[in-house]
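Just so you know, the protein sequences line up as chains A and B, in that order.
Throughout the first sequence, residue numbering follows the working numbering, covering 1 to 208 in sequence.
Throughout the second sequence, residue numbering follows the working numbering, covering 1001 to 1208 in sequence.
Even for Gly, the Cβ is constructed at its ideal location relative to N, Cα and C.
These numbers come from a predicted model, not from an experiment.
Worksheet: the structure to be examined is printed underneath.
2 protein chains.
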Amino acid sequence: MSNPPGLRDSKKAATRQAISDVATRLFIERGFENVSIDEIARAAGVARKTVFNYFPRKEDLVFDREEESRALVRQALAGRGNQSPVHAFQALMRALLEDRHPIFRINRRPLRFWRTVAASPALVAHAHRLRGTLADDLAAMLADAAGKPTTDPHARLAAAMLMDTLVVAYGEALRAFREKRQPAAAFASVLERGFTGVNAALAGTAYV
Amino acid sequence: MSNPPGLRDSKKAATRQAISDVATRLFIERGFENVSIDEIARAAGVARKTVFNYFPRKEDLVFDREEESRALVRQALAGRGNQSPVHAFQALMRALLEDRHPIFRINRRPLRFWRTVAASPALVAHAHRLRGTLADDLAAMLADAAGKPTTDPHARLAAAMLMDTLVVAYGEALRAFREKRQPAAAFASVLERGFTGVNAALAGTAYV
DNA sequence: AAAATTGTTACACTGAGTATAAGTTTTACG
DNA sequence: CGTAAAACTTATACTCAGTGTAACAATTTT
């Protein structure tokens, strides 16, 4: 499957990284809307088309780590043993928090990142869109794990509420960090409230 | 405040309606992505710029009733007496369902509408975006009603979960309608589950 | 009936995103 | 090795959404 990297692949990785780095810098300096793909291509010493090659939409230059989280969840649900799908998901989140997993990294970088996002209507819109598609995916995974049809409303409800919990908890953790309070405690507090809600909502179904 | 309509205003309303009707028809016939603003303008006998005058973004030709629902909620929260904000919201939703309010209309029209939406990635994305901004607005309204800062995480959690409940319940009602089951019952069933979850999540806060 | 408002239009422009074919570099294979 | 196939990059040209501006036309006000 995964052969030794090879010159081509490492060049590709380098090009992709170069474009991403240049774009990130420009976006932070001047804001997402005020940087054109042309500029990014020029600054990265690459053709306009090459940028689109790696990042089909401009927003992908900012958000390009969806797949990572999806894989994490899929994996956790696959290896959940006889635990219920929702509890497996909740256990995963608690573990990620406990292990300080990079996906929940709470420091100055994501703070700056989300500040850049908040400053751009297009990026805020894209973030909402991502939340939506991730919730849809999670719903399908939960339904699948419970052996229900992928459109089961209980799965959709559970997935959406779990996503909300994560988003709100993470946002609150960042706020706590900014205000020099305890981020992990803030995160956990919202997390447990949300989980309590989900468990109550789904009581009596195959998901909890 | 509201003077008699006047020729200008009625012409405006007519133009807007004409554009909207033409666009709706074309979108249903050929799909959102396969109809350009130019075509809509031509078919409506109006300048391209006039279309953008009434509908700043192409997606607004499809979704243009956000404000309506926002007003409904704002109104309910304003006149809630000594009821908690979340319960006032829940009571409103139960009442809208009970009264067969047009906003929760369940028949062939919204079914076709959402089929058109589902067929277009851009429209699905926009629907997610709308869900997000409506949840943000609701959070601000709830926080405001409870006398908390607009960024209160509990308000955000409640608002997001309430939005999810509505979206999933409505989707399930449409599905029930399509499958000739009882839409209202399906709606109510998801609604009450969601509300139970929200109430459990927010227990002990100022919101329930 | 003239003047002031306000909506419509024509024109020109920017920038995202797509299509295609030609040019380069890497890899695979004899 | 050296050549051919595969894969990435590039140039070019295009479509379409969305914005800015100023001229124009219709309505409303006085």
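Beta-carbon proximity list for residue i, same chain, < 6 Å, skipping 5 on both sides
i, result
"Ile106 (chain A)", "Ala173, Phe177 and Pro183"
"Ala169 (chain A)", "Phe187, Val190 and Leu191"
"Ala1160 (chain B)", "Ala1135"
Cβ shell of residue i (< 7 Å), same chain only, five flanking positions each side left out
i, result
"Leu1166 (chain B)", "Met1093"
"Lys1058 (chain B)", "Ile1037"
"Ala140 (chain A)", "Thr150"
"Asp152 (chain A)", "Ala143"
"Trp1114 (chain B)", "Leu1174"
Option nearest residue i by Cα separation, candidates the options
i, options, result
"Arg65 (chain A)", "A:Arg131, A:Val198 and A:Arg175", "A:Arg131"
"Ala91 (chain A)", "A:Thr205, A:Asn34 and A:Ala188", "A:Ala188"
"Ser1120 (chain B)", "B:Glu1029, B:Ser1020 and B:Ala1013", "B:Glu1029"
"Phe989 (chain B)", "B:Leu1026, B:Gly1081 and B:Thr1015", "Nothing about residue 989 (chain B) can be read from this structure; chain B reaches only from 1001 to 1208."
"Lys1148 (chain B)", "B:Thr1205, B:Ala1122 and B:Asp1099", "B:Thr1205"
"Arg193 (chain A)", "B:Arg1175, B:Ala1203, B:Leu1061 and B:Pro1102", "B:Ala1203"
"Glu164 (chain A)", "B:Leu1096, B:Ala1118 and B:Asp1136", "According to the sequence provided, residue 164 (chain A) is Asp. The question's Glu does not apply to it. For Asp164 (chain A), the nearest C-alpha among the options comes from B:Asp1136."
"Thr1024 (chain B)", "B:Asp1060, B:Arg1175 and B:Pro1056", "B:Asp1060"
"Val117 (chain A)", "A:Gly171, A:Ala140 and A:Gly81", "A:Gly171"
"Lys12 (chain A)", "A:Arg48, A:Tyr54 and A:Arg108", "A:Tyr54"
Residue burial classification, residue i (beta-carbon count within 10 angstroms, cutoff 16)
i, result
"Pro85 (chain A)", "buried"
"Ala1143 (chain B)", "buried"
"Glu1033 (chain B)", "exposed"
"Ala201 (chain A)", "buried"
"Asn1199 (chain B)", "buried"
"Ala1078 (chain B)", "exposed"
"Ile40 (chain A)", "buried"
"Asp9 (chain A)", "exposed"
"Asp1099 (chain B)", "exposed"
"Gly6 (chain A)", "exposed"
"His101 (chain A)", "exposed"
"Gly31 (chain A)", "exposed"
"Ile1019 (chain B)", "buried"
"Gly1197 (chain B)", "buried"
Contact belief for residue i with residue j at Cβ below 8 Å, rounded distance in angstroms
i, j, result
"Leu1134 (chain B)", "Leu1162 (chain B)", "In fact, because the Cβ distance is near 10 Å, the residues do not count as touching under 8 Å."
"Ala1071 (chain B)", "Ala1088 (chain B)", "Contact flag wrong, Cβ pair sits at about 15 Å."
"Val1073 (chain B)", "Ala1044 (chain B)", "About 33 Å; that fails the 8 Å criterion."
"Leu123 (chain A)", "Val46 (chain A)", "Going by Cβ atoms, the distance from Leu123 (chain A) to Val46 (chain A) rounds to 23 Å, so no, they are not a contact pair."
"Arg129 (chain A)", "Ala1125 (chain B)", "5 Å"
Own chain residues within Cβ distance below 8 Å of residue i, not counting five before or after
i, result
"Tyr207 (chain A)", "Ser84, Pro85, Val86, Leu142, Ala146, His154, Ala155 and Ala158"
"Leu26 (chain A)", "Val35, Glu39, Ile40 and Ala43"
"Glu68 (chain A)", "Ile103"
"Arg1274 (chain B)", "No information on residue 1274 (chain B) is available, as it lies outside the stretch 1001 to 1208 that chain B covers here."
"Pro1110 (chain B)", "Leu1174"
"Arg48 (chain A)", "Ile37, Asp38 and Ala41"
"Ala127 (chain A)", "Phe63 and Val117"
"Leu1097 (chain B)", "Phe1104, Ala1184, Phe1187, Ala1188 and Leu1191"
Contact list for the stretch 1184-1208 of chain B against chain A, Cβ threshold 7 Å: Val1190, Arg1193, Gly1194, Thr1196, Gly1197, Val1198, Ala1200 and Ala1201
Contacting positions in the stretch 92-108 of chain A - beta carbon closer than 9 Å to chain B: none
Members of the stretch 1166-1186 of chain B near chain A, C-beta cut-off 9 Å: Val1167, Val1168, Ala1169, Gly1171, Glu1172, Arg1175 and Ala1186
Under 9 Å (Cβ pairs) to chain B, residues found in the stretch 110-134 of chain A: Val124, Ala125, His126, Ala127, His128, Arg129, Leu130, Arg131, Gly132 and Thr133
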